[in-house]
Amino acid sequence: MPARDEADDEERRPEPVPAAPPEAFAQLYDARGGHRRLALEELATTHVDDERILWVDVQGDDDALLERVRTALGMPAPTFAGVTQPAVVDLGETFAVRVVAVRAADGHGFEGDVLDVQGGTNRVLTYHRVAVPFLDALRERDHAPSELGVLSAESFAAVVLDGHLTTYFDAVAGFEATVERLELEIFDDRHLGSLPELRTLRRNASRLRRMLSPHRAVYGVLSRPDFRPREGRDADRHFGALDVRFERAMDMVENCRDLVMGSFELFSNQTALRMNASMKVLTFATVVLGILAVCSGLLGMNFQAGFFEAADGFWYAVGGLVLIALVALLVGRWRRWY
Numbered sequence: 044m045p046a047r048d049e050a051d052d053e054e055r056r057p058e059p060v061p062a063a064p065p066e067a068f069a070q071l072y073d074a075r076g077g078h079r080r081l082a083l084e085e086l087a088t089t090h091v092d093d094e095r096i097l098w099v100d101v102q103g104d105d106d107a108l109l110e111r112v113r114t115a116l117g118m119p120a121p122t123f124a125g126v127t128q129p130a131v132v133d134l135g136e137t138f139a140v141r142v143v144a145v146r147a148a149d150g151h152g153f154e155g156d157v158l159d160v161q162g163g164t165n166r167v168l169t170y171h172r173v174a175v176p177f178l179d180a181l182r183e184r185d186h187a188p189s190e191l192g193v194l195s196a197e198s199f200a201a202v203v204l205d206g207h208l209t210t211y212f213d214a215v216a217g218f219e220a221t222v223e224r225l226e227l228e229i230f231d232d233r234h235l236g237s238l239p240e241l242r243t244l245r246r247n248a249s250r251l252r253r254m255l256s257p258h259r260a261v262y263g264v265l266s267r268p269d270f271r272p273r274e275g276r277d278a279d280r281h282f283g284a285l286d287v288r289f290e291r292a293m294d295m296v297e298n299c300r301d302l303v304m305g306s307f308e309l310f311s312n313q314t315a316l317r318m319n320a321s322m323k324v325l326t327f328a329t330v331v332l333g334i335l336a337v338c339s340g341l342l343g344m345n346f347q348a349g350f351f352e353a354a355d356g357f358w359y360a361v362g363g364l365v366l367i368a369l370v371a372l373l374v375g376r377w378r379r380w381y
């Protein structure tokens, strides 16, 4: 994952998710006889073929457990260039992919969880430090006997990577719901403090894009004809579909920034409308007060008139000014001047 820029330094990051207890889940899918759970001791002796595929999911921060599983599966440990940088490594008989799944965090933000997928010879190994919901759902999914047993390691890895892309689709859906809620609040005259939240949403949209964009190299490599050419057209078709799905996810993530800018324009327009309404009220009040000042000035001129000799002349003058103000207010409301 790319380094954070200066704008991200201002963002308050949530508490990191603690690593889950070390756990290894092993499942054998057999097109001829359903599927069953395996113990770690059975991994080295379990037979796989074109109609049987073995999936092992290692969760938690236990390098010894991971190395034990790799040894039982006969898979070498891949070397990735970066701890959180998405990458693909071709190891000959096996291949390994590192991706970053996204999850929602506090404050409408996003955090990433590293997921490693390694496959080869009808065996697939996934490794992640914290729980990944879509893998948990795949564990609990009740498959028919023939659904997954016929898949190759490449095709099963494509299933897992499709779930990885789904996390970004879900993140965009949540982001869009937040933007829609904010826009409804912007239309409410009582809600005037939307600018800080818009700034946070804009920063989170950029962060989501920076998390997904490095995967372009991953899905681009997977979809190339020279990646795993011996595995046939099914793997090429599945990886090609993944590349198309990645581009769709990228377009949706790019659209998140446009959504925020549209919300900012809406906020600016609403602020301008409120300002215009306030200026109309102030302008009308200034005109009314100016009329009253003119009338008061006329009454204060030094000339002789019977009106000034009346005992209640002062109150007559005050009542006349109030009457003029009321008439002006009624006329202004009727003409919608304020």
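Taking our numbering as reference, the numbering of the sequence shown is continuous, increasing by one, and the terminal residue is 381.
Ideal placement from N, C-alpha and C gives every residue a C-beta, glycine not left out.
Since this is a predicted model, take the numbers as computed values, not measurements.
State buried or exposed for residue i, treating a residue as buried only when at least 16 other CB atoms are found within 10 Å of its CB.
i           : result
residue 230 : exposed
residue 312 : exposed
residue 361 : exposed
residue 308 : exposed
residue 107 : exposed
residue 262 : buried
residue 303 : buried
residue 149 : exposed
residue 287 : exposed
residue 246 : buried
residue 165 : buried
residue 125 : exposed
residue 72  : buried
residue 318 : exposed
residue 216 : exposed
residue 66  : exposed
residue 131 : buried
residue 258 : buried
residue 240 : buried
residue 98  : buried
residue 269 : exposed
residue 207 : buried
residue 100 : buried
residue 305 : exposed
residue 357 : exposed
residue 339 : exposed
residue 104 : exposed
residue 366 : exposed
residue 322 : exposed
residue 113 : buried
Would you give the residue range spanned by the beta strand (DSSP E) that residue i belongs to?
i           : result
residue 133 : 130–133
residue 270 : Residue 270 -> no beta strand (DSSP E), and no H or E assigned at all.
residue 78  : 77–81
In the DSSP assignment, find the unbroken alpha helix (DSSP H) run with residue i in it and report its ends.
i           : result
residue 217 : 196–230
residue 192 : Per DSSP, residue 192 belongs to no alpha helix (DSSP H) and is neither H nor E.
residue 177 : 176–183
residue 263 : 258–265
residue 239 : 238–255
Just to check my reading of the structure: residue i and residue j have Cβ atoms closer than 8 Å, yes? What is that Cβ distance to the nearest angstrom?
i           : j           : result
residue 146 : residue 243 : Actually they are not in contact, since the Cβ atoms of residue 146 and residue 243 sit about 17 Å apart, beyond 8 Å.
residue 249 : residue 280 : About 34 Å; that fails the 8 Å criterion.
residue 283 : residue 256 : Contact flag wrong, Cβ pair sits at about 20 Å.
residue 236 : residue 199 : Incorrect: roughly 49 Å between the Cβ atoms, too far for contact.
residue 175 : residue 205 : Not confirmed; about 13 Å, so no contact.
residue 238 : residue 289 : Wrong, their Cβ atoms sit about 34 Å apart, outside the cutoff.
residue 94  : residue 193 : 6 Å
residue 278 : residue 197 : 4 Å
residue 6   : residue 214 : The chain is shown from 44 up to 381; residue 6 falls before or after that span and cannot be answered.
Quick one: what's residue i bridged to in DSSP?
i           : result
residue 154 : 146
residue 386 : The structure shown does not extend to residue 386, since the chain is modelled only from 44 through 381, so no value can be given for it.
residue 169 : 100 and 160
residue 66  : 102
residue 139 : 132 and 161
Checklist entry - Are the segment 115–130 and the segment 169–179 touching by the rule of at least three beta carbon pairs closer than 8 Å? => result no
Practice task
Give a yes or no on contact between the segment 324–341 and the segment 287–302, applying the rule of three or more CB pairs nearer than 8 Å.
Solution key: no
| Counting pairs of beta carbons, one from the segment 208–228 and one from the segment 106–120, are three or more of them closer than 8 Å? | no
>> With three or more C-beta pairs closer than 8 Å as the rule, is the segment 132–140 touching the segment 73–82?
In response: no
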